[in-house]
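Colleague:
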């Protein structure tokens, strides 16, 4: 079933120990939709400026991503500049120019209305909430956020969380959001804010899936997917969004949301995240084949299964 | 088959957010041997002082650990005092008194000579090497070390590594020993120093098994065992040694060291580590039943397996 995703489509200038790229296509909705496109139909809601042209469009079109919901506005697209020179696990932001995103008012194209799955990628929770409210009848809603919104826009974020089925965040964000250093306790606290499922991403150590269980609201950890320690991480940008795209894209492709489907979805999330970091920006995912995805899925299975 | 282990048997005073214990039984050889005793016969080589009495002996005897190789010397036993108040993943050492360990000269009892497995727990690499050389005919040798020896006694440690089949260390130690922040590259560098297998422990994120592969000396990661994020970690002391005991104890119990046996050994390592932290010192492992171990093994399998 089709996913509608709202989030940033942007230009990124990135420096890592492997090199530097100027103004490559980036943004959470970009990474998410390219990864999810291997599993299901994906429709993007975003805004771009006059610098977004046929070269950028072609990257979406090659993966058959629906970009009719990408609005063109006067001005420049969202721009981010960052580096990972000291620590590949944490971006150092040098510059963030919201540009056309500063006055973005998401509009949902009529053609997107029958989407059964909605993904609220990492943007201002006020915008996430607006899109959520405009699509009340979707079957499953997942979302992402980041430390900036948790720290400085918590009230707006808490409103978003009430409307989520699944939240995907990393360890630091989970601890920050819950105000609790113990991950199991933090998971429970976060699920009490709304989402009945929580994916906590551990970077190079994989990711954990929690479900809210029973009347006591107790968090139960149900699955742990590995990550592949890589010989060389070229560019971590978009790894989390690619994880989300693999995870949610796979769920949307399934006839039923069984526990087994969630487990496989966690694996596909890890798989897409592991590809994303192998090249700069969208380079690796844009050139990926379904066979490569399935081969790495089996490699992850081999890595974690007793027999 | 029987394991001989050399390492510290000590008294620990420990403070964690869960409370404080004065002079409880500790030491790497203690935690290792209690954990390994659930799988095979274990024989300890260590030295203790006059403060080591029937109460401490009883803890070993209850698990049928052979302590004929624990020498009694004039003076006090090794003493460590530490806390985990800021970070449960890292001990802050307040005091280390080597006491009788300062002049320890390991002697191998005649009854230990037919041990096929040897574990060199975390002590001065000079002592590790001496025991290794005194038991040249063992079938498999594994060992542990820590940042202190890597930093200030590297030459002696490198000599020990040449005689190891398996080294068990944590992420920080692997990176420090190899001088390389990338774990896969670090694993390859460490295995080039001697051990053909390497277990890297990731704390609450589990552990990875690497084997040296092929003529090019390339490191291949073969397995990733999970850890159970715990609701409450009472005392992390001895978690790594208990992991080693479960891992090596299980290997020693197997008729053949197949890849499947190594995978299960990684799981048993994680299982024993997860129990160790539930109470202070040796309290939890000392009271453990084989059924509890097997139940948690199944829980770990459920946590990581797709179906």
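Protein chains in written order, with my numbering: chain G, -9 to 297; chain X, -9 to 297. Just so you know, even glycine gets a beta-carbon here, dropped at the ideal spot from N, CA and C. Bear in mind that the values here come from a model prediction, so they are computed numbers and not experimental data.
Run through the region 150 to 197 of chain G for me and flag every whole alpha helix (DSSP H) of 4 or more residues, listed as ranges in chain order.
Modeller: Within the region 150 to 197 of chain G, the complete alpha helix (DSSP H) runs of at least 4 residues are 161 to 168, 173 to 181.
Colleague: Taking the alpha carbon of residue 299(G) as the point to measure from, which residue in 271(G), 261(G), 279(G) has its own alpha carbon closest?
Modeller: Here chain G comprises residues numbered -9 to 297, so residue 299(G) is not present and cannot be evaluated.
Colleague: By DSSP's criteria, residue 134(X) is part of a beta bridge. Which residues make up the other side?
Modeller: Residue 134(X) is bridged to 158(X).
Colleague: Tell me the rounded alpha-carbon separation between residue 8(G) and residue 268(G).
Modeller: If I take the Cα positions, the gap works out to 10 Å.
Colleague: So what does residue 272(G) bridge to, in DSSP terms?
Modeller: DSSP output for residue 272(G) lists no bridge partner at all.
Colleague: Which of the three DSSP states, helix, strand or coil, is assigned to residue 129(G)?
Modeller: DSSP places residue 129(G) in coil when its eight states are reduced to three.
Colleague: Tell me the DSSP secondary structure of residue 114(G) in three-state form.
Modeller: The answer is coil: DSSP assigns residue 114(G) none of H, G, I, E or B.
Colleague: Along chain G, which residues have their Cβ under 9 Å away from the Cβ of residue 175(X)?
Modeller: Chain G residues near residue 175(X): 221, 222.
Colleague: Less than 9 Å between the C-beta atoms of residue 177(G) and residue 156(G), yes or no?
Modeller: Against a cut-off of 9 Å, the Cβ pair of residue 156(G) and residue 177(G) comes out as no contact.
Colleague: Do residue 225(X) and residue 20(X) have their beta-carbon atoms positioned less than 9 Å apart in this structure?
Modeller: No, these two residues do not count as a Cβ contact at 9 Å.
Colleague: Where do the N-terminal and C-terminal ends of the beta strand (DSSP E) with residue 85(X) fall, by residue?
Modeller: From DSSP, the beta strand (DSSP E) with residue 85(X) extends over 82 to 87.
Colleague: Mapping DSSP to helix, strand and coil, what is residue 39(X)?
Modeller: DSSP places residue 39(X) in coil when its eight states are reduced to three.
Colleague: What residues from chain X crowd round residue 213(G), counting only those whose CB sits closer than 8 Å?
Modeller: In chain order: 293, 294.
Colleague: So, using beta-carbon positions, are residue 105(G) and residue -6(G) closer together than 9 Å?
Modeller: Closer than 9 Å, so yes.
Colleague: Go to residue 300(G), then tell me how far its alpha helix (DSSP H) extends in each direction, as first and last residue.
Modeller: Any answer about residue 300(G) is impossible in this case: the structure gives chain G only from -9 up to 297.
Colleague: Applying the criterion that 16 or more other CB atoms from any shown protein chain within 10 Å of the CB defines a buried residue, is residue 121(G) buried or exposed?
Modeller: Classification of residue 121(G): buried, given that the 10 Å Cβ count is 16 or more.
Colleague: What are the boundary residues of the alpha helix (DSSP H) that includes residue 20(G)?
Modeller: Residue 20(G) -> alpha helix (DSSP H) spans 18 to 26.
Colleague: Find the residues of chain G that neighbour residue 143(X), judging by a C-beta separation of less than 9 Å, and give them in chain order.
Modeller: Near residue 143(X) there are no residues of chain G at all, since even the closest Cβ is about 28 Å away, more than 9 Å.
Colleague: In angstroms with no decimal places, state the Cα-to-Cα distance between residue 98(G) and residue 234(G).
Modeller: Their backbone Cα atoms lie some 21 Å apart in a straight line.
Colleague: Helix, strand or coil for residue 12(G)? Go by DSSP, reduced to three states.
Modeller: Here residue 12(G) sits in strand by DSSP.
Colleague: Report yes or no: is there a C-beta of chain X within less than 9 Å of the C-beta of residue 29(G)?
Modeller: Not closer than 9 Å to any Cβ of chain X, the Cβ of residue 29(G) fails to qualify, so no.
Colleague: Pull up the DSSP beta-bridge partners for residue 61(X), would you.
Modeller: Paired residues: 37(X).
Colleague: Are the region 85 to 97 of chain G and the region 59 to 67 of chain G touching, with three or more C-beta to C-beta distances below 8 Å?
Modeller: Contact between the region 85 to 97 of chain G and the region 59 to 67 of chain G is present, because at least three Cβ pairs lie under 8 Å.
Colleague: Quick one, are the C-beta atoms of residue 130(X) and residue 183(X) less than 9 Å apart?
Modeller: Result no, Cβ atoms of residue 130(X) and residue 183(X) do not sit closer than 9 Å.
Colleague: Quick one: residues in its chain with C-beta nearer than 8 Å to the C-beta of residue 78(X), no 5 flanking neighbours on either side, listed in chain order?
Modeller: Closer than 8 Å at the Cβ level, and outside the excluded window around residue 78(X), lie 6, 7, 223, 226.
Colleague: Determine which residues share a DSSP beta bridge with residue 71(G) and list them.
Modeller: According to DSSP, residue 71(G) bridges with 3(G), 85(G).
Colleague: Identify which residue in 264(G), 171(G), 253(G) has its Cα closest to the Cα of residue 283(G).
Modeller: The shortest Cα separation from residue 283(G) among 264(G), 171(G), 253(G) belongs to 264(G).
Colleague: Given that residue 257(X) touches chain G, what residues does it touch there, using C-beta distances under 9 Å?
Modeller: Residues of chain G passing the Cβ test: 296.
Colleague: Count the other C-beta atoms from every protein chain shown that fall within 10 angstroms of the C-beta of residue 84(X), then say buried if there are 16 or more, exposed otherwise.
Modeller: Exposed, because fewer than 16 other Cβ atoms sit within 10 Å of the Cβ of residue 84(X).
Colleague: Would you list the residues sitting across from residue 210(G) in a DSSP beta bridge?
Modeller: Note: residue 210(G) sits in a beta bridge opposite 201(G).
Colleague: Just tell me which of 236(G), 65(G), 28(G) has its CA closest to the CA of residue 0(G).
Modeller: Here the closest residue by C-alpha is 65(G).
Colleague: Got a sec, what are the start and stop residues for the alpha helix (DSSP H) residue 261(G) sits in?
Modeller: Unbroken alpha helix (DSSP H) run through residue 261(G): 249 to 266.
Colleague: For residue 112(X), collect the residues of the same chain with a Cβ closer than 7 Å to its Cβ; drop the 5 residues on either side in sequence, then sort them by chain order.
Modeller: Around residue 112(X): -3, 18, 134, 135, 136.
Colleague: Is the beta carbon of residue 53(X) less than 9 Å from the beta carbon of residue 27(X)?
Modeller: The answer is yes: Cβ separation under 9 Å.
Colleague: Look at the alpha carbon of residue 250(G) and the alpha carbon of residue 296(X), and state the distance between them as a whole number of angstroms.
Modeller: Roughly 7 Å between the two C-alpha positions.
Colleague: Which chain G residues sit within Cβ distance under 8 Å of residue 226(X)?
Modeller: Residues of chain G passing the Cβ test: none, with the nearest at roughly 13 Å.
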